[in-house]
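S.K.: Numbering (my numbering), first residue to last: 1 to 478. We put the CB at the ideal spot given by N, CA and C, even for glycine. My questions will all concern the structure given below.
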Amino acid sequence: MDFEPVMGLEVHAQLKTKSKIFCGCSTAFGAPPNTNTCPVCLGMPGVLPVLNKKVVEYTMKMALATHCSITTPNRFARKNYFYPDLPKGYQVSQFELPIAEHGWLEIEVDGERKKIGITRIHMEEDAGKLVHDEREPWSYIDLNRTGVPLMEIVSEPDIRSPEEATAYLKKLHAILRYLDICDGNMQEGSFRCDANISLRQVGQEQFGTRTELKNMNSFRNVQRALEYEIRRQRDILLDGGEVVQETLLWDADRNVTNSMRGKEEAHDYRYFPDPDLIPVVIDDDWIEEVRKTLPELPVERKERFMSVLGLPEYDAEVLTSSRELADYFETALKVYPHGKKLSNWMMTELMRELKGEEGIEISGCPISPENLGGLLNMIDQGTISGKIAKSVFMEMMASGKDAETLVKEKNLVQVSDEGELLAMVREIIEANPQQAADYRAGKTKLMGYFVGQLMQRTKGRANPKLANQLFAKELSEG
Numbered sequence: 001m002d003f004e005p006v007m008g009l010e011v012h013a014q015l016k017t018k019s020k021i022f023c024g025c026s027t028a029f030g031a032p033p034n035t036n037t038c039p040v041c042l043g044m045p046g047v048l049p050v051l052n053k054k055v056v057e058y059t060m061k062m063a064l065a066t067h068c069s070i071t072t073p074n075r076f077a078r079k080n081y082f083y084p085d086l087p088k089g090y091q092v093s094q095f096e097l098p099i100a101e102h103g104w105l106e107i108e109v110d111g112e113r114k115k116i117g118i119t120r121i122h123m124e125e126d127a128g129k130l131v132h133d134e135r136e137p138w139s140y141i142d143l144n145r146t147g148v149p150l151m152e153i154v155s156e157p158d159i160r161s162p163e164e165a166t167a168y169l170k171k172l173h174a175i176l177r178y179l180d181i182c183d184g185n186m187q188e189g190s191f192r193c194d195a196n197i198s199l200r201q202v203g204q205e206q207f208g209t210r211t212e213l214k215n216m217n218s219f220r221n222v223q224r225a226l227e228y229e230i231r232r233q234r235d236i237l238l239d240g241g242e243v244v245q246e247t248l249l250w251d252a253d254r255n256v257t258n259s260m261r262g263k264e265e266a267h268d269y270r271y272f273p274d275p276d277l278i279p280v281v282i283d284d285d286w287i288e289e290v291r292k293t294l295p296e297l298p299v300e301r302k303e304r305f306m307s308v309l310g311l312p313e314y315d316a317e318v319l320t321s322s323r324e325l326a327d328y329f330e331t332a333l334k335v336y337p338h339g340k341k342l343s344n345w346m347m348t349e350l351m352r353e354l355k356g357e358e359g360i361e362i363s364g365c366p367i368s369p370e371n372l373g374g375l376l377n378m379i380d381q382g383t384i385s386g387k388i389a390k391s392v393f394m395e396m397m398a399s400g401k402d403a404e405t406l407v408k409e410k411n412l413v414q415v416s417d418e419g420e421l422l423a424m425v426r427e428i429i430e431a432n433p434q435q436a437a438d439y440r441a442g443k444t445k446l447m448g449y450f451v452g453q454l455m456q457r458t459k460g461r462a463n464p465k466l467a468n469q470l471f472a473k474e475l476s477e478g
């Protein structure tokens, strides 16, 4: 019996505003507990919320970037539920009139492109955070996060595999970073994902019973959790059982899901329009004003890298996967205007070192893009060889110094003086008469031996192209 997974994702993106959605409290992460709070975000009696305009504009940017239509007017509602980290007893969100609806994103998995529908995007406030004491049977409440602006992006149930889910998430994440409206830090909770998943028999139109997955704080964990849940539900159905509708937590240490709470029926949040907040009216002029601020997005940048710079699709995809990486590439390109050669260095030497044990982000790279471009210029100018350039590159990663400084300090300038090299070439041939005779007898692979001898004498600084030319000339004349 073949089953088909049906998945939809709910993504919460914390917006990069300086103040909260309805008050002036700071949104800075890592402040001492309960210090970024005020009577408004704590819901004290008699206070009135004031909507942060930046939250609306940031959400409009994401709506336009994902082909959504903007709803006007849109309206805030109170979502009523009780939890220790929700001081008001309700969350201000949007319900029947969200700010944006009916969008889509295109993803690519195994060479096949597919559109994933976006049902809605809406604005809401975040809740606080419970900090559980591992030694004692109680929890602490930190309300700093209460009122931090969130944007929720709800997909259609168009996702059919964990790979598609990961591709969709990475695409959303990249767009948010390109727009500079969310830092995308999954470890700190500023980019969070919940997944709804069910299985149905192939060819069946009706959806199966779904479960909701929470607590997935990395792309890898999202994929692993979905793979596990597909296996778990499939085993239940093959055994003739029924999947129970419930909310599950992903345990990344044990690679299993654990039941958080049953959800036999949809929870009644008793939504109603927030009486303290008027509807948000967005006119065409405001939409166009925001549209003009949109940067070049990943898809557009990828197409430009391919059409203008001639990069292969794979290179362009990798280099535009984050705004910071693409910016680094384009800054280096101003110093070293050879796109493919620069791309090769970034995708091999640079990316390998960044993904090392410490996992450095491109923003923290010790080598500036200008200095990387300078290193590659030194190769093309014949100042250093490609082999020496790799050792210089490693020194640059360790010290942060530029290539020119390091080459001078370590006396690594390539020897390209023909007279100087010719004298050494003749000495090497004279010292190796048997190898010279074998070469002249047709064993041309011995050229590597002779060039290697020269490289040993010059400590790798001999110009390899010139060395080959000189040896070929001298050996043929012998």
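Looking at Ile-159: is its Cβ nearer than 8 Å to the Cβ of Met-7?
M.R.: Within the sequence shown, numbered from 1, the residue matching residue 159 stands at position 159. Within the sequence shown, numbered from 1, the residue matching residue 7 stands at position 7. Yes.
S.K.: Can you list, in chain order, the residues of its chain with a C-beta nearer than 6 Å to that of Gln-453? Leave out the 5 residues immediately preceding and following it.
M.R.: As a working note, residue 453 is residue 453 in the sequence shown. Excluding positions up to five away in sequence, the list reads Ile-428.
S.K.: Closest to Leu-446 by CA distance: which of Leu-350, Ala-472, Asp-2, Ile-287 is it?
M.R.: By 1-based counting over the sequence shown, the position of residue 446 is 446. The shortest C-alpha separation from Leu-446 is found at Ala-472.
S.K.: Tell me, which residues are paired with Glu-103 by DSSP?
M.R.: As a position in the sequence shown, residue 103 is number 103, starting the count at 1. Looking at the sequence provided, one finds Gly at residue 103 rather than Glu. Note: Gly-103 sits in a beta bridge opposite Ile-118.
S.K.: Please specify which runs of the alpha helix (DSSP H), each continuous and at least 4 residues long, are wholly inside the segment 320-374, giving them in chain order.
M.R.: Segments of the alpha helix (DSSP H) lying fully in the segment 320-374: 323-335, 339-345, 351-354.
S.K.: Between which two residues does the beta strand (DSSP E) containing Asp-194 stretch?
M.R.: Sequence index remark: in the sequence shown, residue 194 carries index 194 (1-based). Where Asp-194 is concerned, the enclosing beta strand (DSSP E) stretches over 191-201.
S.K.: Rounding to the nearest angstrom, what Cα-Cα distance links Glu-264 and Leu-105 in this structure?
M.R.: On the sequence shown, position 264 is the one that residue 264 refers to. On the sequence shown, position 105 is the one that residue 105 refers to. Only weak support is given to the placement of Glu-264: the predicted model assigns it a pLDDT of 49, under 50, and the question is left unresolved by the model.
S.K.: If the criterion is Cβ atoms closer than 8 Å, does the pair Phe-22 and Val-50 meet it?
M.R.: Against the sequence shown, residue 22 aligns to sequence position 22. Against the sequence shown, residue 50 aligns to sequence position 50. Contact: yes.
S.K.: Please state whether DSSP places Leu-252 in a helix, a strand or coil.
M.R.: Mapped onto the sequence shown, residue 252 falls at position 252. According to the sequence provided, residue 252 is Ala. The question's Leu does not apply to it. Three-state DSSP puts Ala-252 in coil, outside helix and strand.
S.K.: When burial is assigned at 16 or more other CB atoms within 10 Å of the CB, is Glu-300 buried or exposed?
M.R.: Numbered from its first residue, the sequence shown carries residue 300 at position 300. Looking at its Cβ environment, which holds fewer than 16 other Cβ atoms inside 10 Å, Glu-300 is exposed.
S.K.: Whose C-beta lies closer than 8 Å to the C-beta of Thr-209 among residues of the same chain, with five residues either side of it excluded?
M.R.: The residue given as residue 209 occupies position 209 in the sequence shown. Result list for Thr-209: Ser-198, Glu-242, Val-243, Val-244, Gln-245, in chain order.
S.K.: Under three-state DSSP, which class holds Ile-278?
M.R.: In the sequence shown, residue 278 corresponds to position 278, counting from 1. Looking at Ile-278 - three-state DSSP - the assignment turns out to be coil, as it is neither helix nor strand.
S.K.: Per DSSP, what are the beta-bridge partners of Phe-272 in this structure?
M.R.: Position 272 of the sequence shown, counted from the start, is the residue given in the question as residue 272. In DSSP, Phe-272 forms a bridge with Arg-78.
S.K.: Using a Cβ-Cβ cutoff of less than 7 Å, which residues in the same chain neighbour Asn-468 once the five nearest sequence positions on both sides are dropped?
M.R.: In the sequence shown, residue 468 corresponds to position 468, counting from 1. Met-447, Val-451, listed in sequence order.
S.K.: Please say whether Ala-77 and Phe-272 have beta carbons closer to each other than 8 Å?
M.R.: Residue numbering aside, residue 272 sits at position 272 when the sequence shown is read from its first letter. Residue numbering aside, residue 77 sits at position 77 when the sequence shown is read from its first letter. For Phe-272 and Ala-77, yes; Cβs fall inside 8 Å.
S.K.: Run the CB neighbour count on Gly-373, radius 10 Å, all protein chains shown included, and call it buried at 16 or more, exposed below.
M.R.: Against the sequence shown, residue 373 aligns to sequence position 373. Answer is buried; the Cβ neighbour count reaches 16.
S.K.: Decide if Asp-274 is buried, meaning its Cβ has at least 16 other Cβ atoms within 10 Å, or exposed.
M.R.: Taking the sequence shown and counting its residues from 1, one reaches residue 274 at position 274. Buried: at least 16 other Cβ atoms inside 10 Å.
S.K.: Identify, in the order they occur along the chain, each residue of the same chain with its Cβ nearer than 6 Å to the Cβ of Phe-95, setting aside the five sequence neighbours on each side.
M.R.: Counted from its first residue, the sequence shown places residue 95 at position 95. Excluding positions up to five away in sequence, the list reads Ala-77, Tyr-271.
S.K.: So does the segment 219-233 actually touch the segment 192-206, counting three or more Cβ pairs closer than 8 Å?
M.R.: With the cut-off at 8 Å, the segment 219-233 and the segment 192-206 touch.
S.K.: Measure how close the beta-carbons of Met-397 and Glu-353 come, nearest whole angstrom, since I'm counting them as under 8 Å.
M.R.: Translated into positions along the sequence shown, residue 397 becomes position 397. Translated into positions along the sequence shown, residue 353 becomes position 353. Contact holds; Cβ gap of about 5 Å.
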